[in-house]
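**Student:** Numbering follows this note's numbering, in which position 505 of the sequence shown is assigned residue number 505; successive positions increment by one, without gaps. Glycine included, C-beta positions come from ideal geometry on N, C-alpha and C. Here it is: the structure, laid out below.
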Amino acid sequence: SLCSFQAERTPRSERKRQDSFGMFDGYDSCSEESTSSSSSEDSEDEVPSIPASLFLGMFMCCLCSPATCEMCGMVGVRDAFYSKTKRFCSVSCSRSYSSNSKKASIMARLQGKPPTKKAKVLQKQPLMAKLAAYAQYQASQQQQNLAKSKAVPVECFDWGRYICSNNLVGAPVSCFKHVPMGTCWGDLAEGVRVEVLNSDTNLSTKVYWIAGIVKLAGFKALLRYEGFDNDTIRDFWCNLCVPEIHPVGWCASSGKPLVPPKSIQNKYSNWKAFLVKRLTGAKTLPPDFAAKVHENMQFPFKKLMRVEVVDKTHLCRTRVALVEQVIGGRLRLVYEESSDDFWCHMYSPLIHAIGWSRSIGHRFKRSGQSSSLFWMDAPAPLFAKVKDVDQSGEWFKDGMKLEAIDPLNLSAICVATVRKVLADGYLMIAIDGSEAADGSDWFCYHSTSPSIFPAGFCGINNIELTPPRGYTKLPFKWFDYLRETSSIAAPVKLFNKDVPNHGFRQGMKLEAVDLMDPRLVCVATVTRIVHRLLRIHFDGWEDEYDQWVDCQSPDLYPVGWCQLTGYQLQPPAAQSEIKHYNESHDTCGGRRAKRRTPSRS
1 SLCSFQAERT PRSERKRQDS FGMFDGYDSC SEESTSSSSS EDSEDEVPSI
51 PASLFLGMFM CCLCSPATCE MCGMVGVRDA FYSKTKRFCS VSCSRSYSSN
101 SKKASIMARL QGKPPTKKAK VLQKQPLMAK LAAYAQYQAS QQQQNLAKSK
151 AVPVECFDWG RYICSNNLVG APVSCFKHVP MGTCWGDLAE GVRVEVLNSD
201 TNLSTKVYWI AGIVKLAGFK ALLRYEGFDN DTIRDFWCNL CVPEIHPVGW
251 CASSGKPLVP PKSIQNKYSN WKAFLVKRLT GAKTLPPDFA AKVHENMQFP
301 FKKLMRVEVV DKTHLCRTRV ALVEQVIGGR LRLVYEESSD DFWCHMYSPL
351 IHAIGWSRSI GHRFKRSGQS SSLFWMDAPA PLFAKVKDVD QSGEWFKDGM
401 KLEAIDPLNL SAICVATVRK VLADGYLMIA IDGSEAADGS DWFCYHSTSP
451 SIFPAGFCGI NNIELTPPRG YTKLPFKWFD YLRETSSIAA PVKLFNKDVP
501 NHGFRQGMKL EAVDLMDPRL VCVATVTRIV HRLLRIHFDG WEDEYDQWVD
551 CQSPDLYPVG WCQLTGYQLQ PPAAQSEIKH YNESHDTCGG RRAKRRTPSR
601 S
């Protein structure tokens, strides 16, 4: 498989640049830390504040007239009572009133006898009485809906525990423009309030309460119910994009009850006043947040669409494949006339519209498959766009030297050569000292690809450059190598110099594709940042399996992406699993045990 990257880049404002190497003019030489700071321009949507007027709707239940159940004597709010006449607190009381016990109950109340013990308790807390009555009234219907509803899959790997136990930081969603909500995440941050299911209750039906974001990690948030202050005992992690998360005010507009957690229900005598004080001016989710999530979860690629994709057995060519599955924008492609499959993101530079290879002069494996009514060619506008380039002036030429990420060993940046210049800015590149005689391991990068660099890039940025296999004059020096091979280095001005203010920082956690086995998405860490280049480490694995990836790669995802899309996340490897892999190289279920040993070691 090959290294993937984001072909289309968002234009950024000009940045101060300085010459950090003789022929390296124009490269951004800012420090690794400075390029990773977040920018306000990444926040397109502002999180709305909660207006004070909203509380009239939220607490309308507290302002209604009182009522007394004619059966049990429970005191509550009239609007929450059962039947059109609002005479009973529940269905059971309504039915009991018509039963044989009706006369005895009425006589007891006429004689001035106190109501039941249950009614006494509820009289002390009229708000809680109302809510309990409301919950009891809806119990049967809610239970039926709950049984019919589809259960949320349990995540195999507990990101929340992993982050809290190690005091880790997740990369913000705004760093990933290609994921759902990546461009409309806004300024969601700690302190934002939401309405969520109240799990701290004895009621038999769904009730809700307000919680605040204590910590954010990608799509996942650590939430704390209002009223617990600094008490962490009931804190819980939740994916903010699941249907169970709502903006403040949703319960009022949907007729759902807000019930304080039972652990603190006696902490305040006036919950209405408490919430009004705590929430006035606080921020919550935009009212259309759920609609945006739903919209962002729709993907244009469909099953049985045809594409051209790199042939994983011969990197120098492409072949036709059919879309077999779409998960979160990731495509499982099955090659025509083969059962082999290949995973990549829909914005991967490895897939193209039918006819792309012919249009630029790229090698292509033809198939004898005839046309069919059951599939269609994927429309060209669905694919990632590359930057237009002018090849009429000074341009890449066959034989020019450069540095490139090895697609067969993504932990290495190697000495490489331009082998063929194609149309539309594409280049066929080979790794020096390792290429096959027939050129079958040449690979295609666009001239604007962030995976190719001018000669000297690694030296400037203190990155180990992998010399050609068999080259003995170490340490490697470009000047000597160019003279010995009678070669020239590709001009620096031809390379991509854009360094977006991507927002990544060293140590951030994320979910990343193992590009040596691209069906797997794994728990990973950003361990180094060089301009727009990220060093990705797979947690639990040795450093030799690290991969260099562009900051805009569609193969990087925020914490919680797998849970949101239903993709399987591979947890950090245990040391015993790595040892077993190193000894046997056997596939171990769905785990990340079968990782191909780098072929250019």
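(1) DSSP on Gln-568, reduced to helix/strand/coil?
(2) Exposed or buried, which one is Gly-590 when buried takes at least 16 other CB atoms within 10 Å?
(3) Please report how far the alpha carbon of Pro-260 lies from the alpha carbon of Trp-250, in whole angstroms.
(4) Go ahead and pull the three-state DSSP assignment for His-314.
(5) Applying the criterion that 16 or more other CB atoms from any shown protein chain within 10 Å of the CB defines a buried residue, is Phe-479 buried or exposed?
(6) Taking Ala-489 as the reference, which of Arg-469, Trp-343, Ile-452, Gly-470 has the closest Cα?
(7) Which of helix, strand or coil does DSSP assign to Arg-505?
(8) Identify, in the order they occur along the chain, each residue of the same chain with its Cβ nearer than 6 angstroms to the Cβ of Asp-406, setting aside the five sequence neighbours on each side.
(9) Can you check which of these residues, Ser-440, Thr-527, Gln-547, Val-523, is closest to Gln-568 by C-alpha distance?
(10) Taking the alpha helix (DSSP H) that Glu-195 falls in, what are its first and last residues?
(11) Does Lys-262 pass the burial test, meaning 16 or more other C-beta atoms within 10 Å, or should it be called exposed?
(12) Taking the CB atoms as reference points, tell me whether Leu-197 and Glu-244 lie closer together than 8 angstroms.
(13) With DSSP collapsed to three states, give me the class of Leu-322.
(14) How about Val-307 and Val-293: do their beta carbons lie closer than 8 angstroms?
(15) Whose C-alpha, out of Ala-282, Asn-230, Asp-288, Leu-331, is nearest the C-alpha of Phe-299?
(16) Pull up the distance between the alpha-carbon of Leu-534 and that of Phe-219, whole angstroms please.
(17) With respect to the alpha helix (DSSP H) encompassing Lys-292, which residues constitute its N-terminal and C-terminal limits?
(18) What residues are listed by DSSP as bridge partners for Cys-238?
(19) In whole angstroms, what is the alpha-carbon distance linking Tyr-268 and Val-276?
(20) Hey, Gln-506 and Val-526 are a contact pair by Cβ (cut 8 angstroms); roughly how many whole angstroms apart?
(21) Relative to the C-alpha of Leu-222, which candidate in Ile-163, Lys-256, Ser-199, Ser-254 has its C-alpha closest?
(22) For Cys-175 and His-502, which I take to be in contact (beta-carbon distance under 8 angstroms), what is that distance rounded to the nearest angstrom?
(23) What distance in whole Å lies between the Cβ atoms of Ile-210 and Leu-279, which are believed to be in contact at a cut-off of 8 angstroms?
(24) Which of the three DSSP states is assigned to Gly-170 in this structure?
(25) From Met-181 to Asp-424, what does the alpha carbon distance come to, in whole angstroms?
(26) Whole angstroms is fine: what's the gap from Lys-177's alpha carbon to Leu-285's?
(27) Given a cut-off of 8 angstroms on the beta-carbon distance, is the pair Ala-384 and Tyr-445 in contact?
(28) So what does DSSP say about Asp-388, is it helix, strand or coil?
(29) Please return the same chain residues whose Cβ sits closer than 8 angstroms to the Cβ of Leu-333, not counting the five positions on each side in sequence.
(30) Would you report the Cα separation of Ile-463 and Gly-393, rounded to the nearest angstrom?
(31) Taking only three categories from DSSP, how would you classify Cys-69?
(32) Checking 8 angstroms against the spacing of the C-beta atoms, do Phe-157 and Pro-558 come in under that value?
(33) Let me make sure I understand the geometry here. Which of Leu-258, Asn-202, Ser-90, Val-492 has the alpha-carbon closest to that of Ala-455?
(34) Measuring straight from C-alpha to C-alpha, what distance separates Trp-548 and Met-516?
(35) Mind checking which residues open and close the alpha helix (DSSP H) that includes Tyr-481?
(36) In the DSSP assignment, what are the bridge partners of Gly-212?
**Tutor:** Let me spell this out:
(1) coil
(2) A caution first: Gly-590 carries a pLDDT of 38, below 50, which makes its placement in the model too unreliable to give a value.
(3) 16 angstroms
(4) strand
(5) exposed
(6) Ile-452
(7) coil
(8) Ala-412, Cys-414, Ile-431, Arg-600
(9) Val-523
(10) Where Glu-195 is concerned, there is no enclosing alpha helix (DSSP H), although the beta strand (DSSP E) it sits in stretches over 193-197.
(11) exposed
(12) yes
(13) strand
(14) no
(15) Leu-331
(16) 21 angstroms
(17) Membership of Lys-292 in the alpha helix (DSSP H) is indicated by the continuous run 289-296.
(18) Bridge partners of Cys-238: Ala-221.
(19) 13 angstroms
(20) 6 angstroms
(21) Checked all of Ile-163, Lys-256, Ser-199, Ser-254; the closest Cα to Leu-222 is Ile-163.
(22) 6 angstroms
(23) 7 angstroms
(24) Correct three-state label for Gly-170: strand.
(25) So the two alpha carbons sit approximately 32 angstroms from each other.
(26) Distance between the alpha carbons of Lys-177 and Leu-285 is about 20 angstroms.
(27) Cβ atoms of Ala-384 and Tyr-445: not closer than 8 angstroms.
(28) coil
(29) Val-307, Val-309, Ala-321, Leu-322, Val-323, Glu-324, Asp-341, Phe-342, Trp-343, Cys-344, Ile-351
(30) 31 angstroms
(31) coil
(32) no
(33) Val-492
(34) 12 angstroms
(35) 478-484
(36) Arg-193, Arg-224
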